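Numbering (my numbering), first residue to last: 2 to 282.
Backbone N, C-alpha and C fix where the C-beta goes; we use that ideal spot for every residue, glycine too.
Computed from a predicted structure; not experimentally measured.
This report concerns only the one structure given below.
This is how it looks when you write it as structure tokens:
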């Protein structure tokens, strides 16, 4: 559990995490619990990428380049960095129950599959073919994005039971990344832009095609929507635009806390380059 930075407050049990880069180029891990925020500097020789996974115990995993072009998840425990050098390389980390870290890997023949690393045992379980794994707490199932050429007839989000032998089942044919699926497994949030207007807004739709609604309709460009574990809050990334409404810096962005029920927004990170966002389960 991460301790408070220079504070006598008890360690927080985070609902959300993001990584940013300050003006001096330092990487900072920020954990959020309600109105509380806690930042820890990350000192690592590894170059982090965009995907991030988080647990409620304060452990965070992120994609990073560990040697040349080899990409693999790293685990952060406070300011300690632990590479998964005993597991196959891969990307897209997501936390599963009982300390398991899922991501997708390549079998060497161009086929992507779900790898599930058991951190305590330093062992790896091979899951079905697919990519972008996620855990859906409301359903108690693992989910991933599959379709051709993964061996499935339709592109969509599939679910399966970790302890069962049943084949994966199609949850929705909507080809959205699984990390945009609500925790109860009923709603996707996704980004849309019309031909007349390149502005990206955040939309929501039920997995049955119903309950289609607009969550944001602002001049800002939203991206990377992420749900909290209870489904009450969505965090989104808003790239900063210059006066010509183009990206001032491809990495600079805000982190915005959005209530999907009321549409209320609150900026929680204004400085630096937000590299990744993740709900904590």
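Using the beta-carbon count (16 or more within 10 Å), is residue i buried or exposed?
i, result
"residue 81", "exposed"
"residue 263", "exposed"
"residue 42", "exposed"
"residue 71", "exposed"
"residue 277", "buried"
"residue 190", "buried"
"residue 149", "exposed"
"residue 152", "exposed"
Indicate the three-state DSSP secondary structure (helix, strand or coil) for residue i in the structure shown.
i, result
"residue 146", "strand"
"residue 181", "helix"
"residue 21", "strand"
"residue 168", "coil"
"residue 41", "strand"
"residue 47", "coil"
"residue 30", "strand"
"residue 232", "coil"
"residue 271", "coil"
"residue 218", "coil"
"residue 161", "strand"
"residue 262", "coil"
Under 8 angstroms by Cβ, that's how I've got residue i and residue j pegged, so tell me the actual separation to the nearest angstrom.
i, j, result
"residue 65", "residue 47", "4 angstroms"
Does the beta carbon of residue i sit closer than 9 angstroms to a beta carbon anywhere in chain B?
i, result
"residue 190", "No chain B is present in this structure, which holds just one protein chain."
What ranges does the beta strand (DSSP E) occupy inside the region 51 to 133, keeping only unbroken runs of at least 3 residues that lie completely in it? Fully enclosed beta strand (DSSP E) runs of no fewer than 3 residues occupy 60 to 68, 71 to 78, 81 to 84, 91 to 97, 101 to 107, 113 to 119, 124 to 130 of the region 51 to 133, in order along the chain.
For the region 102 to 122 and the region 15 to 28, state whether three or more C-beta atom pairs, one from each stretch, are separated by less than 8 angstroms. Proximity of the region 102 to 122 to the region 15 to 28 falls short of the contact definition, fewer than three beta-carbon pairs being nearer than 8 angstroms.
Taking 8 angstroms as the cut-off, does the region 228 to 243 touch the region 161 to 175 (at least 3 CB pairs, one atom from each stretch)? no
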